[in-house]
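Each residue of the sequence shown is one higher than the one before, starting from 3 at the first, in my numbering. The C-beta atom is built at its ideal place from N, Cα and C for all residues, glycine as well.
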Amino acid sequence: MDDLYSSLGYNLRIVQEFLSIPNERFKLKMILYALSISIEDKITILEKIKAFLIPFSMFRDIQEFMNSTYDYIQKTIEITGGSLNEFVRILIRTVIMGFIQEYVDYVKLSQKEEVFDYLTRA
Numbered sequence: 003m004d005d006l007y008s009s010l011g012y013n014l015r016i017v018q019e020f021l022s023i024p025n026e027r028f029k030l031k032m033i034l035y036a037l038s039i040s041i042e043d044k045i046t047i048l049e050k051i052k053a054f055l056i057p058f059s060m061f062r063d064i065q066e067f068m069n070s071t072y073d074y075i076q077k078t079i080e081i082t083g084g085s086l087n088e089f090v091r092i093l094i095r096t097v098i099m100g101f102i103q104e105y106v107d108y109v110k111l112s113q114k115e116e117v118f119d120y121l122t123r124a
């Protein structure tokens, strides 16, 4: 059992270091511990997150991007309640929709509701 908790802690540190999230902002451990799933499933979620993050390594120097990515990861865990079914699919969708929303807000598109409605239906 101690090995599982060690593995959980190790995976949490890897995710935190990859995203460069400071300790006071990193709430993933608390969120995972609040879930009513096994420690093995918590580790599996973190392993899926680590695999998902690999393509993002080219953006590690852009802290705002890493912060947003962390927020979307956190949101996905909260949405899924730790369910492993379709976790990666929901994570991808949450991240993409989040970045699109940030872009639309940034460029102040006048028809952003229509854009979001279209993307939600897609």
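Residue i - DSSP class collapsed to helix/strand/coil
{"i": "residue 62", "result": "coil"}
{"i": "residue 27", "result": "coil"}
{"i": "residue 93", "result": "helix"}
{"i": "residue 2", "result": "Missing from the structure shown is residue 2; the chain here goes from 3 to 124 and no further."}
{"i": "residue 77", "result": "helix"}
{"i": "residue 87", "result": "coil"}
{"i": "residue 55", "result": "helix"}
{"i": "residue 37", "result": "coil"}
{"i": "residue 22", "result": "coil"}
{"i": "residue 50", "result": "helix"}
{"i": "residue 110", "result": "coil"}
Straight-line gap, residue i to residue j (C-alpha atoms, nearest Å)
{"i": "residue 22", "j": "residue 33", "result": "18 Å"}
{"i": "residue 40", "j": "residue 110", "result": "43 Å"}
{"i": "residue 107", "j": "residue 90", "result": "25 Å"}
{"i": "residue 95", "j": "residue 122", "result": "10 Å"}
{"i": "residue 25", "j": "residue 31", "result": "11 Å"}
{"i": "residue 42", "j": "residue 78", "result": "18 Å"}
{"i": "residue 105", "j": "residue 4", "result": "44 Å"}
Residue i and residue j closer than 7 Å at C-beta
{"i": "residue 13", "j": "residue 37", "result": "no"}
{"i": "residue 85", "j": "residue 45", "result": "no"}
Sufficient close CB pairs (3 or more, under 8 Å) joining the stretch 47-61 to the stretch 14-28: The answer is yes - the stretch 14-28 touches the stretch 47-61, with three or more Cβ pairs under 8 Å.
Cβ contact (3+ pairs, closer than 8 Å) linking the stretch 71-78 and the stretch 91-100: At 8 Å Cβ cutoff, the stretches touch.
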